[in-house]
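Quick notes on the structure that follows.
Protein chains: 2
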Amino acid sequence: MANITDVARRAGVSPTTAKRAIHNPELLAPATLKRVKRAIAQLAYEPDQRAAALRSGHSRTVGLIVGNIDEPFFASLIRVISRTLRTQGYTLLVADNEYDTRNELQQLKTFQRNRIAGLILRSGYGKPNLKYVQRMKANDTAIVEVDFLMPESPFSHVMLDNAGCMKLGLEYLHGLGHRRIATLGSYHETILPDERTKAFPELMADLGLVVSKAYERIIHPTSAEAYRITHELMALPEPPTALFATTGNLASGAFQALRERGLELPKDISLLSFDNYPWTHMVAPAVDVIAQPVEDMGVAAAEMILREIETPDRPAEQVRFPGKLMKRGSCASPCVTIL
Amino acid sequence: MANITDVARRAGVSPTTAKRAIHNPELLAPATLKRVKRAIAQLAYEPDQRAAALRSGHSRTVGLIVGNIDEPFFASLIRVISRTLRTQGYTLLVADNEYDTRNELQQLKTFQRNRIAGLILRSGYGKPNLKYVQRMKANDTAIVEVDFLMPESPFSHVMLDNAGCMKLGLEYLHGLGHRRIATLGSYHETILPDERTKAFPELMADLGLVVSKAYERIIHPTSAEAYRITHELMALPEPPTALFATTGNLASGAFQALRERGLELPKDISLLSFDNYPWTHMVAPAVDVIAQPVEDMGVAAAEMILREIETPDRPAEQVRFPGKLMKRGSCASPCVTIL
DNA sequence: TTTGACTATGGACACGTGACCAGTATTTTT
DNA sequence: AAAAATACTGGTCACGTGTCCATAGTCAAA
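Just so you know, the sequences run in chain order P and D. If you count the first sequence from 1, position 76 lands on 76 in the numbering used here, and the numbers rise without skipping. Count along the second sequence from 1, then add 1000; that gives the number in the numbering used here.
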């Protein structure tokens, strides 16, 4: 692989002059500039970013950790962030923690070894890595959290207005007449500090409803778990009349379970979900969702990390995006049966 | 950020000794080793991978370019490759060319600047970047192609048995009695040299069928394009009785168009698709698919690139995986109408 | 005692770059 | 004509690491 010295030799100039053809072309005599540029083209020279970063102290690399690449939400996030950063000359390192904080710790170390300039983090649940991330911050790594907050997180973040969206969804279901509402997802102060499921009982109380103890579960946010739980819930003596899935992944498991049980949407049960995933408008009836503005959130996160890198000591910037309820036919008034 | 000199100072040894605590601990006196290790822990020292790569000439970074992160096929590929490489201490750089070779060229340059040790490439269509990739190869970057081959590509690759899968699908449709079969996807020698659509007319001929000129289109492999084309095809005087989508993305566009036109699967039209995507078994009837062994292919590609990096001058390794036809209800014998 | 092998440690250098200082020839100003 | 400014080019060093060579001390074999 050619380096700047090879370029200089070929152009008959010193390495310093060759470097100037890249960084300060206005300093060179036109003829010299032309010679160097030709040498660069002939050798297909590309500067070594690692050496540049090492010397300059600025790495132009951002790390992104997501929860699960297989979920369209995260796939879109990666795509948008990657595109935004690329236009600014940044390279993106991507990792997928699979919602496991142990994977995440290893990934954080890898990022640290690569001396990333900034980290966009969708942490696995819980806060075991908070201390590690804080140390990265102390070592001048810019930090932005996305989609999920580590408890007591002091960092900048880009989030959905989760409580507001839960409210939106619950009021919709309540307005339709639902009283026995179950949420798919779960909250635990340290293990699963998820904002959506946390808000659920409080919002239910505001509506004068109580969450049946029988509906409460702690689950891992996978489609398979949602599938299993939905079967359990619907087999109860008093099954819910509406299911509110806190992620599109959970909804897909629930949807399959409901169909297997021969339950028809929205006659036998109502289903509402977060995430406007492709399948939700391909099935019949299409599933009502609370759509997240993923693209906007991704761009916001990317631009935020760039600002943080540029100005390390700026105060934390914390942004919330609203969700949008899309009514499509999977929710209706519950059948008044043998209540 | 602490460096090895800081560690050495804190442990009261020379930098060389501190380095040995990492690379050759067996050379150190037990007491010295312990002191250095404690210093490493106290400072949370992580070696600078960039400096290590610069000096050693071995970067331990692999670049991956996919066609479109939003497609589950690529998302799974990223996930599996990332996981496999991580276990071997490699870092993954991901880029998404959006099927555009101009994006791809920029991404290749970024990778080159980061001096990746290997490149796993799902190229955009056509071969404009073949020369650039060959030069990377000449500069000792290991190359593995996945899912798609640049024409006259001399590199190692991991591919689906595309022609075999097309044969499998066509014989299935033919066996059901279909004669007017259209494929969604398109072939062009230099612009869209896609193996699946290329095999289509030849295989049709083998079955004694001809492809209606009216069904031929050159399209970009997006869901929106498939949607548009499906509407066009079904509005023809002699519409196809079966649609064969060459990717899951195309199938989703086709599916929506068919539903909009009030066509029922499989009574009015049969639909067969590549890629066992989640939505294909959530809709009713579930869509028949040719499933790709994505995980196996990803692992194979990751292991292949590691071998190529390890042994640069090995002969090209070219592997094909078989697809699996999954019959689920979206294909049936065509209604014999006013033929 | 001398030689050689071994153990444990330290020092020098290069990877490719960016930042800074230094120099020479030419032109402009006083 | 001398001084100063300008235009252009070159040299030196450090970033943090891996690799190789060197040294001081110990101990066993000749």
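Where is the CB? At the ideal position from N, CA and C, for every residue including glycine. Remember, it's a predicted structure, so these values are computed and weren't measured experimentally.
According to DSSP, is R9 (chain P) helix, strand or coil? Within the first sequence, the letter at position 9 stands for residue 9 (chain P). Here R9 (chain P) sits in helix by DSSP.
Tell me the rounded alpha-carbon separation between I1191 (chain D) and E171 (chain P). Counting from 1 along the second sequence, the entry for residue 1191 (chain D) is found at position 191. Counting from 1 along the first sequence, the entry for residue 171 (chain P) is found at position 171. Roughly 52 Å separates the two Cα atoms.
V1066 (chain D) classed as buried or exposed, judged by whether at least 16 other C-beta atoms fall within 10 angstroms: Translated into the one-based positions of the second sequence, residue 1066 (chain D) becomes position 66. The residue is buried, with at least 16 neighbouring Cβ atoms inside 10 Å.
Are the C-beta of M166 (chain P) and some C-beta of chain D separated by less than 8 Å? Stepping through the first sequence from its first residue, residue 166 (chain P) is reached at position 166. So, not an interface residue.
Neighbourhood of L1339 (chain D) by C-beta, 6 Å cutoff - its chain only, sequence neighbours within 5 removed: Here the question's residue 1339 (chain D) lines up with position 339 in the second sequence. Reliability fails at L1339 (chain D), whose pLDDT of 43 lies under 50, so the model's placement of it is uncertain and the value that follows must be treated cautiously. The answer is none, since no qualifying residue turns up.
Rounded to whole angstroms, what is the Cα-Cα separation between D1140 (chain D) and P1312 (chain D)? Residue mapping note: residue 1140 (chain D) aligns to position 140 of the second sequence, counting from 1. Residue mapping note: residue 1312 (chain D) aligns to position 312 of the second sequence, counting from 1. Each residue's Cα considered, the two are about 7 Å apart.
Mind checking which residues open and close the beta strand (DSSP E) that includes H1157 (chain D)? Looking up residue 1157 (chain D) in the second sequence gives position 157. Element bounds for H1157 (chain D): S1156 to L1160.
Since G298 (chain P) is in the alpha helix (DSSP H), which residue starts that stretch and which ends it? Within the first sequence, residue 298 (chain P) is the residue found at index 298, counting from 1. First-last of the alpha helix (DSSP H) with G298 (chain P): V294 to E310.
Own chain residues within Cβ distance below 7 Å of F1111 (chain D), not counting five before or after: Position 111 of the second sequence, counting from 1, holds the residue named residue 1111 (chain D). For F1111 (chain D), where only same-chain residues beyond five positions count, the Cβ hits under 7 Å are G1063, L1093 and L1119.
Anyone know if the C-beta pair for A1224 (chain D) and E1195 (chain D) falls short of 8 Å? As a first step, residue 1224 (chain D) must be located in the second sequence, where it is residue number 224. As a first step, residue 1195 (chain D) must be located in the second sequence, where it is residue number 195. Not closer than 8 Å, so no.
Under 9 Å Cβ-Cβ, which residues of chain D neighbour V283 (chain P)? Walking along the first sequence from the start, residue 283 (chain P) turns up at place 283. Within 9 Å Cβ-Cβ: W1279, M1282, V1283 and A1284.
From S82 (chain P) to N1114 (chain D), what distance separates their C-alpha atoms? In the first sequence, the residue the question calls residue 82 (chain P) occupies position 82. In the second sequence, the residue the question calls residue 1114 (chain D) occupies position 114. In a straight line, the C-alpha of S82 (chain P) is about 16 Å away from that of N1114 (chain D).
Exposed or buried, which one is R122 (chain P) when buried takes at least 16 other CB atoms within 10 Å? Position 122 of the first sequence, counting from 1, holds the residue named residue 122 (chain P). Classification for R122 (chain P): buried.
When DSSP labels each residue in this structure, what does I218 (chain P) get in the three-state scheme? Here residue 218 (chain P) refers to the residue found at position 218 when the first sequence is read from its first residue. It is coil, neither helix nor strand.
Return no unless some Cβ of chain P is closer than 8 Å to the Cβ of R1115 (chain D). Within the second sequence, numbered from 1, the residue matching residue 1115 (chain D) stands at position 115. By this cut-off, R1115 (chain D) is an interface position.
Would you mind listing the alpha helix (DSSP H) stretches within the region 1134-1183 of chain D that are 4+ residues and don't spill past its ends, in chain order? 1162-1175
Just the C-alpha distance for S1270 (chain D) and A1254 (chain D), rounded to the nearest angstrom, thanks. For the purposes of this step, residue 1270 (chain D) is taken as the residue at position 270 of the second sequence. For the purposes of this step, residue 1254 (chain D) is taken as the residue at position 254 of the second sequence. About 11 Å.
Going by DSSP, name the residue or residues bridged to T91 (chain P). As a first step, residue 91 (chain P) must be located in the first sequence, where it is residue number 91. DSSP output for T91 (chain P) lists P:T61 as bridge partner(s).
Per DSSP, what kind of secondary structure is M1 (chain P) in: helix, strand or coil? In the first sequence, residue 1 (chain P) corresponds to position 1, counting from 1. Looking at M1 (chain P) - three-state DSSP - the assignment turns out to be coil, as it is neither helix nor strand.
DSSP-derived helix/strand/coil call for M1282 (chain D): As a first step, residue 1282 (chain D) is located in the second sequence; it is residue number 282 there, counting from the start. Reduced to three states, the DSSP call for M1282 (chain D) is coil.
Can you confirm whether R50 (chain P), when its beta carbon is compared against all beta carbons of chain D, has any partner nearer than 8 Å? The residue labelled residue 50 (chain P) in the question sits at position 50 within the first sequence. Taking Cβ atoms only, chain D reaches closer than 8 Å to R50 (chain P), which makes this a yes.
I'd like to know if F321 (chain P) contacts chain D, where contact means its C-beta is closer than 8 Å to some C-beta of that chain. One-based indexing of the first sequence puts residue 321 (chain P) at position 321. Cβ-Cβ to chain D under 8 Å: no for F321 (chain P).
Among P:D268, P:K267, P:I229 and P:G262, whose alpha-carbon lies nearest the alpha-carbon of A251 (chain P)? Numbered from 1 along the first sequence, position 251 holds the residue referred to as residue 251 (chain P). Cα-wise, what sits closest to A251 (chain P) is P:I229.
Interface residues of chain D facing S76 (chain P) [CB-CB closer than 7 Å]: Position 76 of the first sequence holds residue 76 (chain P). Those within 7 Å of S76 (chain P) in chain D are D1070.
For P1285 (chain D) and Q1256 (chain D), I'd like the C-alpha separation in whole angstroms. Within the second sequence, residue 1285 (chain D) is the residue found at index 285, counting from 1. Within the second sequence, residue 1256 (chain D) is the residue found at index 256, counting from 1. Straight-line Cα distance between these residues: approximately 13 Å.
Taking the CB atoms as reference points, tell me whether L1265 (chain D) and A1242 (chain D) lie closer together than 8 Å. On the second sequence, residue 1265 (chain D) is found 265 positions in, with the first residue counted as 1. On the second sequence, residue 1242 (chain D) is found 242 positions in, with the first residue counted as 1. Contact flag unset, no.
Indicate whether at least one CB of chain P lies closer than 8 Å to the CB of L1339 (chain D). The residue labelled residue 1339 (chain D) in the question sits at position 339 within the second sequence. Unreliable placement is indicated for L1339 (chain D), whose pLDDT of 43 sits below 50; no coordinate value is reported for it.
Start and end of the alpha helix (DSSP H) containing R1113 (chain D)? Within the second sequence, numbered from 1, the residue matching residue 1113 (chain D) stands at position 113. T1101 to R1113 is the span of the alpha helix (DSSP H), which, as asked, contains R1113 (chain D).
Return the chain-ordered list of same chain residues with a C-beta closer than 8 Å to the C-beta of L28 (chain P), the five sequence neighbours on each side being excluded. Stepping through the first sequence from its first residue, residue 28 (chain P) is reached at position 28. The residues are T17, R20, A21 and V36.
Can you give the Cα-Cα distance for L1209 (chain D) and R1180 (chain D), rounded to whole angstroms? Stepping through the second sequence from its first residue, residue 1209 (chain D) is reached at position 209. Stepping through the second sequence from its first residue, residue 1180 (chain D) is reached at position 180. Approximately 8 Å, taken between the alpha carbons.
Secondary structure of L192 (chain P), DSSP reduced to three states: As a first step, residue 192 (chain P) is located in the first sequence; it is residue number 192 there, counting from the start. Three-state DSSP puts L192 (chain P) in a strand.
Would you call the region 1001-1014 of chain D in contact with the region 302-316 of chain P, where contact means no fewer than 3 C-beta pairs closer than 8 Å? no
Outcome for I1218 (chain D) when other beta-carbon atoms lying within 10 angstroms are tallied against a minimum of 16: Position 218 of the second sequence, counting from 1, holds the residue named residue 1218 (chain D). With fewer than 16 other Cβ atoms within 10 Å, it is exposed.
Between which two residues does the beta strand (DSSP E) holding V1289 (chain D) run? The residue given as residue 1289 (chain D) occupies position 289 in the second sequence. First-last of the beta strand (DSSP E) with V1289 (chain D): D1288 to A1291.
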